[in-house]
Amino acid sequence: INTATYEVSVKGQRVNLRFKEYELLLLMATNPGRVYTREALLSQIWGYDYLGGTRTVDVHIRRLRSKVESPGRSFVETIWNVGYRFKAPV
34 INTATYEVSV
44 KGQRVNLRFK
54 EYELLLLMAT
64 NPGRVYTREA
74 LLSQIWGYDY
84 LGGTRTVDVH
94 IRRLRSKVES
104 PGRSFVETIW
114 NVGYRFKAPV
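What follows is the structure in structure tokens.
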């Protein structure tokens with residue numbers, strides 16, 4: 034994740050992300066292992082005045098995963114009935 038250019042690369046290949054996808058990835062990747070509730074993600078990424086539902090987060094996470102993950106290489110974990118977290122490095 035290059036914060037100066039707002040670019041993300043996976044295995045040397047640039048990945049085109051929408052801005053909200055980029056913000057989600059950056060927030061979670063800078064705090065690996067921390068679990069974010071859907072409500073916390075809505076608040077931090079979309080802002081307190083966002084009127085949409087929490088499923089918006091699920092849709093954006095699904096799109097993010099489709100762009101940065103591949104079989105055997107996952108970064109975002111679902112914490113059932115809670116939210117999401119970026120996998121801490123092993």
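In case it helps, this note's numbering puts the sequence shown at residues 34 to 123. Glycine included, C-beta positions come from ideal geometry on N, C-alpha and C. Here the structure is a predicted model, which is why all the values come from computation and not from measurement.
- With a 10 Å radius around the Cβ and a threshold of 16 neighbouring Cβ atoms, Tyr69 comes out buried.
- For the pair Arg51 and Glu102, the Cα-to-Cα distance works out to about 16 Å.
- Within the same chain, and ignoring the five residues on either side of Glu110 in sequence, the residues whose Cβ sits closer than 8 Å to its Cβ are Tyr117, Arg118, Phe119 and Lys120.
- According to the DSSP secondary-structure assignment, Gly116 is paired through a beta bridge with Thr70 and Ile112.
- Rounded to whole angstroms, the gap between the alpha carbons of Val92 and Lys53 is 11 Å.
- By the criterion of a C-beta distance shorter than 7 Å, Tyr39 is surrounded in its chain by Tyr55, once the five residues flanking it on both sides are discounted.
- Setting aside the 5 residues that flank it on each side, Ile34 is surrounded in the same chain by Val41, Leu58, Leu59 and Ala62, each with a C-beta closer than 7 Å to its C-beta; the list follows chain order.
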